[in-house]
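Okay, so here's the structure we're looking at.
Number of protein chains: 2
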Amino acid sequence: MTIDRLDARLITLLAEEPKLGVLECSRRLGVARGTVQARLDRLAARGVITGYGPDIAPAALGYDVTAFVTLQIRQVSGHDPVADQLAKIPQVLEVHTITGGDDMHCRVVARSNADLQRVIDLIVEVRGVVRTSSVIALDTPVPYRILPLVADLPHQGGR
Amino acid sequence: MTIDRLDARLITLLAEEPKLGVLECSRRLGVARGTVQARLDRLAARGVITGYGPDIAPAALGYDVTAFVTLQIRQVSGHDPVADQLAKIPQVLEVHTITGGDDMHCRVVARSNADLQRVIDLIVEVRGVVRTSSVIALDTPVPYRILPLVADLPHQGGR
DNA sequence: TGTTCAGGTGGACAACTTGTATATTTACTG
DNA sequence: CAGTAAATATACAAGTTGTCCACCTGAACA
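Protein chains in written order, with the working numbering: chain A, 2 to 160; chain B, 2 to 160.
Written as C-alpha cells, this is what we have:
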C-alpha cells in the first residue's frame with residue numbers, strides 16, 4: 002500500500018508550511034477542497050500521517066546533550082520489564098530492541114555531560130540491565146527528516 | 002532559559018490534540034486567547050516549537066525495516082563531505098557525528114532486509130566511508146517522545 | 001454493454017475561528 | 001514609586017471549517 006503523487010505533494014506542502022489550512026492546500030495543489038479533506042482523512046486512517054504534534058527541540062529546553070546508549074540485558078529477565086523502567090525516565094526519548102551483541106539502543110538527552118552521567122546511572126540501576134555503553138552526539142549534520150523518502154515514491158496509483 | 006507551567010500545559014495539550022485551534026486551547030487552559038497566541042509565538046521565536054509538520058510513519062509507506070548504521074570515516078576527508086553524500090540517500094533519515102571508536106551514527110529505513118543491504122551498499126560507496134556496522138531495530142518499546150521531558154520541568158518562571 | 005463504485009468537482013450554507021487592534025489591569029523589577 | 005512585560009476583555013471584518021448535495025469520470029466486472 003503506497004501513496005500517490007497527490008498524497009506526496011500534499012504531505013510535502015504541509016511539511017513545508019504546516020499552518021496551512023485545507024482550503025489553502027487545495028488552492029496550492031489545484032484540486033478541490035473536498036479532495037484535500039478526503040486525502041488527509043484517508044492518510045490518517047491508513048496510519049501514514051500519525052499526527053501533527055508540535056515539534057519540540059530538546060536543546061531549546063536546555064537539553065543540549067544527546068547520546069546513544071546501548072544496553073546489555075540479563076537474558077532471563079526479558080526485554081519488556083526493562084523497557085517499562087526506561088520509559089519512566091523522561092530523558093530517555095526512544096528505545097529499540099536490536100540485533101547484534103547488544104540488546105537495546107536508546108536515545109537519551111541531558112542538560113550537560115555531568116547530567117548525562119546521572120541519567121546513565123539511572124539506566125544502569127534499572128533491574129536487568131547488565132552493561133551500558135554510550136556515545137555522545139557531537140553534531141547532527143542530517144537532522145531527522147522524512148520528506149526525501151516521501152518524494153522518492155514508487156509513484157504508483159497515480160490516478 | 003526554560004518554559005513555565007502554562008507553556009508546558011499548552012505544549013502537552015497540543016501534542017495530545019494537535020488539531021486544536023488557538024481559541025479552543027485558550028478555553029481548555031482557562032486563559033485568554035491572546036495569551037495562548039502570545040505564548041505560541043514566543044515558543045516558536047525561542048525555537049522551542051520548531052514546527053507542526055505532519056508526522057509520517059515510514060512503516061505505513063512500506064519501510065518496515067529500521068536500522069542503525071555506524072560509520073568509520075577516512076580521517077583526511079573530514080566529516081562533512083560524507084554527510085552531504087549521505088543526505089542524498091532518502092532512506093537515511095538522520096545522521097550524527099559521535100564520540101568513540103566510530104565517527105558517525107545514522108538511522109536508516111528500508112523496505113526489507115534485502116533492501117537494507119542495498120541501502121548499506123549505497124552508504125559504503127560514499128567516498129570517505131571506510132567501514133560500516135549495522136544493527137537492525139527489531140521492536141520499538143518506547144517510540145520517540147518528548148512529552149515526559151516537557152512535563153518534567155524545573156517549573157521556573159511560574160508567573 | 002451496462003452497472004456499480006470510488007474518487008473527484010463545484011457550489012452552497014451557517015457557524016465558527018483567525019488576525020488584528022485597543023484599553024485596562026496585574027505583577028514583578030529596580 | 002515608576003517602568004515594564006504580560007494577561008485580560010472586547011471588538012470587528014474577513015476568512016475558514018464542517019457539512020451538505022448533485023453531478024461527472026474512469027476502472028472493474030459480469
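Don't be surprised by glycine CBs; every beta carbon is placed ideally from N, CA and C.
Going by DSSP, LEU72(A) is part of the beta strand (DSSP E) stretching over 66-74.
At least one beta carbon of chain B lies nearer than 7 Å to the beta carbon of PRO55(A). At a cut-off of 7 Å between beta carbons, GLU18(A) makes no contact with chain B. Secondary structure of LEU154(A) (DSSP, three-state): coil. Residue contact check for ASP5(B) against chain A: no CB pair falls below 7 Å. PRO149(B) and ALA33(A) have their C-alpha atoms roughly 40 Å apart. Annotation: the continuous beta strand (DSSP E) that includes ASP140(B) extends over 130-143.
For ALA39(A), the uninterrupted alpha helix (DSSP H) segment begins and ends at 34-46. Beta-bridge partners of ASP103(A) (DSSP): none assigned. The residues VAL151, ALA152 and LEU154, in chain order, have a CB closer than 7 Å to that of ALA9(A) in the same chain once the five nearest residues on each side in sequence are set aside.
Taking C-beta separations shorter than 6 Å and ignoring five residues to either side along the sequence, the partners of VAL93(A) in its chain run LEU87, CYS107 and VAL109, following chain order. Comparing alpha carbon positions, the residue from LEU24(B), THR3(B) and LEU30(B) closest to THR13(B) is LEU30(B). For THR51(B), the uninterrupted beta strand (DSSP E) segment begins and ends at 50-52. Residue state for VAL127(B) is assigned as coil, using DSSP reduced to three classes. The residue among GLU18(A), THR133(A) and VAL143(A) with its C-alpha nearest the C-alpha of GLY54(B) is GLU18(A).
Note that the C-beta distance between ILE99(A) and ALA60(B) is not below 7 Å.
Scanning VAL136(A), ARG28(A), GLU126(A) and VAL131(A) for the CA closest to the CA of ASN114(A) turns up VAL136(A). Within chain A, PRO149, LEU150 and ASP153 have C-beta atoms less than 9 Å from the C-beta of GLN92(B), given in sequence order. Chain-ordered, the chain B residues with CB closer than 8 Å to the CB of LEU139(A) read HIS97, THR98, ILE99 and THR100.
Judged by their CB atoms, TYR64(B) and ARG112(B) are nearer to each other than the 7 Å cut-off. Taking 7 Å as the threshold, the shortest C-beta distance from GLY129(A) to chain B does not fall below it. Shortest Cα-Cα distance from ALA46(B) to any of GLN38(A), ARG47(A), ALA58(A) and ARG40(A) involves ALA58(A). Annotated as distal: GLY129(B) and ILE90(B), with beta-carbon spacing of 7 Å or more.
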